[in-house]
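These protein sequence lines map, in sequence, to chains D and W. Residues 2 to 272 (the working numbering) make up the first sequence, in order. Residues 4 to 336 (the working numbering) make up the second sequence, in order. Note that beta-carbon positions come from the ideal geometry of N, C-alpha and C, so glycine has one too. Bear in mind the structure is a predicted one, so any value in this text is a computation, not a measurement. Let me begin by presenting the structure, written as C-alpha cells, before commenting on it.
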Amino acid sequence: MRISSFKKYFQVAKTSWSGGFVYRLNFVMWRVRNVVQLIAIYFLWFAVMSRNPTAFNYSTSQMLTYILGTSIIRALVFGQRSIDAQGEISSGDLNNYLVKPISYFRYWFSRDIADKLLNILFSIGEITILLFWLRPEIYLQTNPLMLVSFLLASLLAMVMYFYFSFLISMTTFWIPEENGWPQRFFIFVILEFFSGGLFPLDILPPAVYAVLGKLPSAYFLNTPLQIYLGRLDLSQIVTSLFMMAFWIVVLRLLANRTFRKGLKIYGAYGR
Amino acid sequence: MKDMSVISVRHLKKYYRVHEKEPGLKGSIRSLFTRKYTQVKAVDNIDFTIEEGELVGFIGPNGAGKTTTLKVLSGLLYPTSGEVSVLGFNPWDRKAQFQKQFALVMGQKNQLWWDLPPMETFILNKEIYEVPEDQFKKTLDKLIELLDVKDILKIQVRKLSLGQRMKCELIAALLHNPKVLFLDEPTIGLDVVMQKVMRDFVKQYNRQFKSTIILTSHYMGDVKELCERVIIIDKGKILFDGKLQNVIDRFARNKIITVVFSRDIDQRKLAEFGNIREYQFPRAKINVPRKDVAKLSAKLLSDFPVADLVIEEAPIEAIIREVFTGKMKQTNA
Numbered sequence: 002m003r004i005s006s007f008k009k010y011f012q013v014a015k016t017s018w019s020g021g022f023v024y025r026l027n028f029v030m031w032r033v034r035n036v037v038q039l040i041a042i043y044f045l046w047f048a049v050m051s052r053n054p055t056a057f058n059y060s061t062s063q064m065l066t067y068i069l070g071t072s073i074i075r076a077l078v079f080g081q082r083s084i085d086a087q088g089e090i091s092s093g094d095l096n097n098y099l100v101k102p103i104s105y106f107r108y109w110f111s112r113d114i115a116d117k118l119l120n121i122l123f124s125i126g127e128i129t130i131l132l133f134w135l136r137p138e139i140y141l142q143t144n145p146l147m148l149v150s151f152l153l154a155s156l157l158a159m160v161m162y163f164y165f166s167f168l169i170s171m172t173t174f175w176i177p178e179e180n181g182w183p184q185r186f187f188i189f190v191i192l193e194f195f196s197g198g199l200f201p202l203d204i205l206p207p208a209v210y211a212v213l214g215k216l217p218s219a220y221f222l223n224t225p226l227q228i229y230l231g232r233l234d235l236s237q238i239v240t241s242l243f244m245m246a247f248w249i250v251v252l253r254l255l256a257n258r259t260f261r262k263g264l265k266i267y268g269a270y271g272r
Numbered sequence: 004m005k006d007m008s009v010i011s012v013r014h015l016k017k018y019y020r021v022h023e024k025e026p027g028l029k030g031s032i033r034s035l036f037t038r039k040y041t042q043v044k045a046v047d048n049i050d051f052t053i054e055e056g057e058l059v060g061f062i063g064p065n066g067a068g069k070t071t072t073l074k075v076l077s078g079l080l081y082p083t084s085g086e087v088s089v090l091g092f093n094p095w096d097r098k099a100q101f102q103k104q105f106a107l108v109m110g111q112k113n114q115l116w117w118d119l120p121p122m123e124t125f126i127l128n129k130e131i132y133e134v135p136e137d138q139f140k141k142t143l144d145k146l147i148e149l150l151d152v153k154d155i156l157k158i159q160v161r162k163l164s165l166g167q168r169m170k171c172e173l174i175a176a177l178l179h180n181p182k183v184l185f186l187d188e189p190t191i192g193l194d195v196v197m198q199k200v201m202r203d204f205v206k207q208y209n210r211q212f213k214s215t216i217i218l219t220s221h222y223m224g225d226v227k228e229l230c231e232r233v234i235i236i237d238k239g240k241i242l243f244d245g246k247l248q249n250v251i252d253r254f255a256r257n258k259i260i261t262v263v264f265s266r267d268i269d270q271r272k273l274a275e276f277g278n279i280r281e282y283q284f285p286r287a288k289i290n291v292p293r294k295d296v297a298k299l300s301a302k303l304l305s306d307f308p309v310a311d312l313v314i315e316e317a318p319i320e321a322i323i324r325e326v327f328t329g330k331m332k333q334t335n336a
C-alpha cells in the first residue's frame, strides 16, 4: 500500500474512533451486555467445575480461562462496525463511497480495527476487574511458541471473520428488507454456539465435534483459545493456521465477487 | 474520431426490473413463492453531449429519469445499454483518476458524518481524495468564506439546520476541486433565502473554476437563473435540449397582455381579444396568441380607454408544465 493510501485509511480509523466516542451510551450498553453474558457463563461453568475438578477432559483452570478468554478474543474477532454496511446497501448510502477513490472493503476494515481496539481496551479492563473480584484459577501459557501461535491464530481469525461477515452483509443486495437484519441475526445466533462462544467445542460428543470442528466458524474463538490452552499439538496447530489462511483466501474471493455482482443489480436506491 | 466533449452519452438505456406485490398478507405470502416482475424504463435511449464549462439544467417531473442519468454518469448504475463517457472515462470502471475529478451532491442524501462536526468529514475527504495540505487549506478557506459557514464547523452535523447542512455538503463535495459536478436537487427543502444563496454560489463556482455542472431541480427558479441550456426529460426520453429561451419560443403559444383601463369597459367586448385570465377593474390580464400580439395590442389601444399596457411571456413554469402535460404536441410538430 502506498503511503498516501495508508494515510487515507488511517484517517478513516481515526474518524471512526471519534465517532465511536459519540455513541457513548450505545457502546457502554454493548459492553455491559458482554460482561453480563460473560459472568453468566462463567458462573455456570464455575458451578459445574466445583463439583468435579476435571470435567470433559478440562481442568477447572483451563475451563475458566477459556471462558474468560472468549471475552478478549470476542472483542478482537467479533468487534465490528462493518455490519452498518448492510444499512448502507439497503438505504443507498453506499453511493457515498462508490463515487470516491476509496475501497469499500478497506474502509470498513479500517473502521473495524478502530472498533476492535476500543473493545479490546474495555475487555482487558473488565477482565482485570473480574480477576480481582472472582480470583479464579487461571491457566498461564508460558511456551513462547504456543503464545506466538495463539497470537497469529487470533489475528487470522479476525481477518477471516471480517470477510465472512462482509459476505453476509453482501446478501443485503438481494434481500434488502429490514436492512438485511433477518439473515444477520440468524448468523449471530448460530455463530455464538458454532464458534465456541458458550463452551469449548471439543467437549461435545466426538461425532458432533468432528463436524463442528471442521466448520470455518470453529476458527473464530475455539481454535485460538485451544492453542492458548496448549490442547493442540504442533501439527494440529500448523494445520489449523493453514486452514485459516485457506479460508481467508476463499472468503475474500467470495466477498469480492459477491460485491461486484451485487453492484450490478444495485439500484442505487433513495429515489 | 475522438470526442472532445467532457460528457457524452449515446443511446443510453437503463431499465429496472421491479417486483410487484399484491396488497395484504395474502399478497406477501404469495410474493414469497412467485414474484411478478415488471420492467421500468427509467432512461430510454437518450443522447447528449456537454462541453467544458457548461452549466446545464436537467428538468422533468418525478421519475422522469434525471437522477438515474446522473447516477449512470457517476458510475453508480450500470447502464442496460449505450455508451457513456465522462472526462474520457467510462464511469462504471470507477477509476480513482476519474473519481478525483468529479463530485455528486444529492439534496436528499448526506455524506457528512451525522454525529461529528462537518470539519471531521472535510479532513477525511482531504485524505480520501489525497488533496495536498496547502491546496486543502486554500480551497476550504475560500468555500467557507463564499458560503459563510465559519461558525458552524465545530457543531455536530445532526444539530445543524437543513440549509447549514447543505452548505457543508457542498463544501465536502468540492474540496478536491472537481472539474465535473453533478448537483441533484441541491435546493430541495430550502427556504427562498437559502435557495438564492445556493444559486449564487453555484453560479460563482461555475464561473471561477470553469467547472462543468449538471443540475437537476424541481424549481424552475434554479434553472432559470443558472442554466443557459436545459435538457427536458420525461418518461426516460429527452423532449427538448437547447437554450432555455428556445423553450419559450418553441413551446409558448401565448403571451400575456396586462392592461390598465382608465374607465370601466364592456367585458364581453374584451373577451374577443383572447382568454381573460383575470379582470378586476381597472386591471385585466389576457392570454393572446403569440403571433397576434402586435396586432391585438394595437387594437386594444384604439378600441379601449387604456391607461397602461404591458406585454409579457407566460411564466416559464407554466410553459414547462404544458410541455409535460402534452398540450404542446401540435405546436411542437
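Could you check how far apart the C-beta atoms of Leu119 of chain W and Gly231 of chain D are, in whole angstroms? I think they sit under 8 Å.
Actually they are not in contact, since the Cβ atoms of Leu119 of chain W and Gly231 of chain D sit about 45 Å apart, beyond 8 Å.
Per DSSP, which one or two residues make a beta bridge with Tyr59 of chain D?
D:Ala56
Going by C-alpha to C-alpha distance, which of D:Leu242, D:Asn223, D:Leu65, D:Pro183 sits closest to Leu131 of chain D?
D:Leu65
If you drop the 5 nearest sequence neighbours on each side, which residues of the same chain put their C-beta closer than 8 Å to that of Arg205 of chain D?
This sequence places Leu at residue 205 of chain D; Arg is not what is there. Within the same chain, Cβ atoms closer than 8 Å to the Cβ of Leu205 of chain D are found at Leu213, the five residues on either side in sequence being excluded.
Counting along the chain, where does the alpha helix (DSSP H) carrying Gln1 of chain D start and finish?
This structure cannot speak to residue 1 of chain D, because chain D is shown only from 2 to 272.
Who does Glu23 of chain W pair with in a DSSP beta bridge?
W:Lys39
Is it buried or exposed for Lys17 of chain W, if we count other Cβ within 10 angstroms and need 16 for buried?
buried
Along chain W, in chain order, which residues have C-beta atoms closer than 9 Å to that of Asp94 of chain D?
Lys112, Asn113, Gln114
To the nearest angstrom, how far is the alpha carbon of Ala176 of chain W from that of Ser214 of chain W?
13 Å
With Ser91 of chain D as the anchor, note down where its alpha helix (DSSP H) starts and where it stops.
85–92
Taking 8 Å as the threshold (beta carbon to beta carbon), is Ile216 of chain W in contact with chain D?
By this cut-off, Ile216 of chain W is not an interface position.
Helix, strand or coil for Asn335 of chain W, going by three-state DSSP, please let me know.
Caution applies to Asn335 of chain W, whose pLDDT of 40 falls short of 50 and renders its modelled position unreliable; the value that the coordinates give is listed next. Asn335 of chain W falls in the helix class under three-state DSSP.
Around the C-beta of Asn27 of chain D, are 16 or more other C-beta atoms found within 10 angstroms, so that it is buried, or is it exposed?
exposed
Unbroken stretches of the alpha helix (DSSP H), 4 residues or longer, contained in the stretch 7–77 of chain D
Counting only runs that start and end inside the stretch 7–77 of chain D, the alpha helix (DSSP H) elements of at least 4 residues fall at 25–52.
So, with DSSP's three-state summary, where would you put Phe260 of chain D?
helix
Would you mind sorting Leu28 of chain W into buried or exposed? The rule is 16 or more other CB atoms within 10 Å of its CB.
exposed
For Tyr222 of chain W, which three-state DSSP category applies?
coil
If you follow the beta strand (DSSP E) that Gln283 of chain W is in, where does it begin and where does it stop?
278–283
So, for Gly239 of chain W: in the same chain, excluding its five sequence neighbours on each side, which residues have a beta-carbon less than 7 Å away from its beta-carbon?
Around Gly239 of chain W: Lys44, Ala45, Val46, Asp47, Gly68.
Segment contact, 8 Å Cβ cut-off, at least three pairs: the stretch 72–84 of chain D with the stretch 46–55 of chain D:
no
Proximity test, Cβ basis, 8 Å: Gln102 of chain W and chain D
yes
Smallest Cα separation from Phe79 of chain D: which of D:Arg112, D:Asp203, D:Val239, D:Phe133?
Cα-wise, what sits closest to Phe79 of chain D is D:Arg112.
With a threshold of 8 Å between beta-carbons, can Arg97 of chain W be considered close to chain D, or not?
yes
Mapping DSSP to helix, strand and coil, what is Pro217 of chain D?
DSSP places Pro217 of chain D in the helix class (H, G or I) of the three-state scheme.
Are there 16 or more other CB atoms within 10 angstroms of the CB of Glu231 of chain W, so buried, or fewer, so exposed?
exposed
So does the stretch 50–69 of chain W actually touch the stretch 252–262 of chain D, counting three or more Cβ pairs closer than 8 Å?
no
Identify the contact partners of Asp225 of chain W in chain D, using a Cβ-Cβ distance below 9 Å as the criterion.
The contacting residues do not exist; Asp225 of chain W stays about 17 Å from chain D at best.
Three-state secondary structure assigned by DSSP to Glu136 of chain W:
helix
Could you list the residues in the stretch 68–97 of chain W with a C-beta less than 8 Å from some C-beta on chain D, going in chain order?
Thr70, Lys74, Ser77, Gly78, Leu79, Leu80, Tyr81, Arg97
So with Cβ pairs under 8 Å, would you call Glu315 of chain W a contact of chain D?
no
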